[in-house]
Ligand code: SF4
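Now the structure itself:
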C-alpha cells in the first residue's frame, strides 16, 4: 500500500475507468463549479511509474487530459531525453479540476488552497492504490508535499529517493511549468537539465526493476 503523507480516510476503489467516472461527478470542493470537466489521470492500469503534477491548466481543462499544454510539451521533451516513453507512464495531478480567475476573456491559473487539496487527495490515493506504481514522481512542491509531507523542500531535496511503501519508492523534481516560468534563461536551462537528470534516475530504476523481474522468471 502506498501511503500519502496525510492518510485519506476513505479511498474510492475500482478500476481506473470506474474511478474516472466517479471523479467526473465529484463535488467534494467547489472547484467543479467553474471548470469544464474533471481532469483525471491517464495511462496504463498497472504502469510501473506514476508522474504526479499539481493541478490542470486551461488546456487540460478543455481537453480533459493532464499535461497537454505548454508544460506537457516541455515534459514530453524531457521524458524523451531521459529515455522514458510517455505511453508507458501514468500521468495525473494532485488536484483534478482547473482553478482560475478571469481577466477579460483569459482564464488565469490560480493556485488551489489547502482545503481543496485535502478534498482531492482521495482521488490521488485511489489512483495510487489501483495502479500500484513501483516509482512515483512528484512534479513540483504541491505533489512533493502530498507524497512526502509539508516540510519537504523541493529546492533542497529534489532528486532524492524515498520509500513510499514496501514496493514503491518516490522522488520529486521540478514541475515543467516552474521550469517554463523561471525568468533568467541560464537558470531556466539549468532547471530543465535537473528535470532531465531526475527523470533519467527514474528511467534507470525502471530498467533495473525490469532486469530483476526478467532474471527472476
Ligand atoms: S477538485 Fe477534486 S475534490 Fe474538488 S471537486 Fe474536483 S475532483 Fe472533487
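In my numbering, the protein residues as written are 48 to 264. We put the CB at the ideal spot given by N, CA and C, even for glycine. Treat the numbers as computed from the prediction; the structure is a model and nothing was measured.
* **Rounded straight-line distance, which links the Cα of residue 222 to that of residue 185** => 8 Å
* Shell residues, 7 Å Cβ cut-off relative to heavy atoms of the ligand SF4 -> 70, 73, 74, 75, 76, 78, 79, 85, 142, 143, 144, 163, 166, 167 and 170
* Could you tell me how far apart the beta carbons of residue 102 and residue 142 are, in whole angstroms, since I believe they sit closer than 8 Å? => 4 Å
* Consider the C-beta atom of residue 60 and the heavy atoms of the ligand GTP; say whether any pair is separated by less than 6 Å. => The ligand GTP is not part of this structure, which contains only the ligand SF4.
* With 16 other Cβ atoms within 10 Å as the buried cut-off, status of residue 169 -> buried
* residue 93 to residue 135, Cα distance in whole Å? -> 9 Å
* Inter-residue Cα distance where the pair is residue 75 and residue 167 -> 7 Å
* Any idea what DSSP makes of residue 210, helix, strand or coil? -> strand
* Beta-carbon proximity check, residue 183 vs residue 211, cutoff 7 Å -> yes
* Asked: Just reading off the alpha helix (DSSP H) that residue 257 is part of, what are its end residues?
  -> 232–263
* Asked: Considering residue 182, what are the terminal residues of the beta strand (DSSP E) in which it resides?
  -> 182–186
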